[in-house]
Amino acid sequence: DWGAYDLPSMDPLGWATMENRHICPKCGRTYKRRTHLQRHYKYECGMPKRFRCDYCQTDFRQRTQVWTHIRTIHKRALYCIDVGTNERLYP
Numbered sequence: 001d002w003g004a005y006d007l008p009s010m011d012p013l014g015w016a017t018m019e020n021r022h023i024c025p026k027c028g029r030t031y032k033r034r035t036h037l038q039r040h041y042k043y044e045c046g047m048p049k050r051f052r053c054d055y056c057q058t059d060f061r062q063r064t065q066v067w068t069h070i071r072t073i074h075k076r077a078l079y080c081i082d083v084g085t086n087e088r089l090y091p
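Residue 65 in the working numbering sits at position 65 of the sequence shown, and the numbers go up by one each step.
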């Protein structure tokens, strides 16, 4: 099992060059920063989409993605639906 926090760093700050980007071993997505790869691996890669926009029924993996979607696409108040519990969640 590959642990997200066991990633080797390209430099002390976690930056990678264009040639040596941080690559997800599961899906191949690349990131400039090690911390972005860690977040992707822990919260996104292979995870189910648990949060739903109540306005258009689009599903997301992270609650913050729903908030951004609602603010930018629908220009409305922020809340999302937990797909597992069907409960409204407010920031």
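We put the CB at the ideal spot given by N, CA and C, even for glycine.
Note that the coordinates shown come from a computational prediction; the quantities given were computed from them, not determined experimentally.
Cβ shell of residue i (< 8 Å), same chain only, five flanking positions each side left out
i          : result
residue 36 : 22
residue 46 : 26 and 27
residue 89 : 51, 63, 79, 80, 81 and 82
Identity of the residue in the options nearest residue i by Cα
i          : options       : result
residue 84 : 49, 38 and 29 : 49
residue 39 : 61, 20 and 57 : 61
Cβ shell of residue i (< 6 Å), same chain only, five flanking positions each side left out
i          : result
residue 59 : 49 and 52
residue 55 : 74
Identity of the residues DSSP links to residue i by a beta bridge
i          : result
residue 59 : 52
residue 30 : 23
With 16 other Cβ atoms within 10 Å as the buried cut-off, status of residue i
i          : result
residue 41 : buried
residue 71 : exposed
residue 2  : Caution applies to residue 2, whose pLDDT of 46 falls short of 50 and renders its modelled position unreliable; the value that the coordinates give is listed next. Flag for residue 2 reads exposed.
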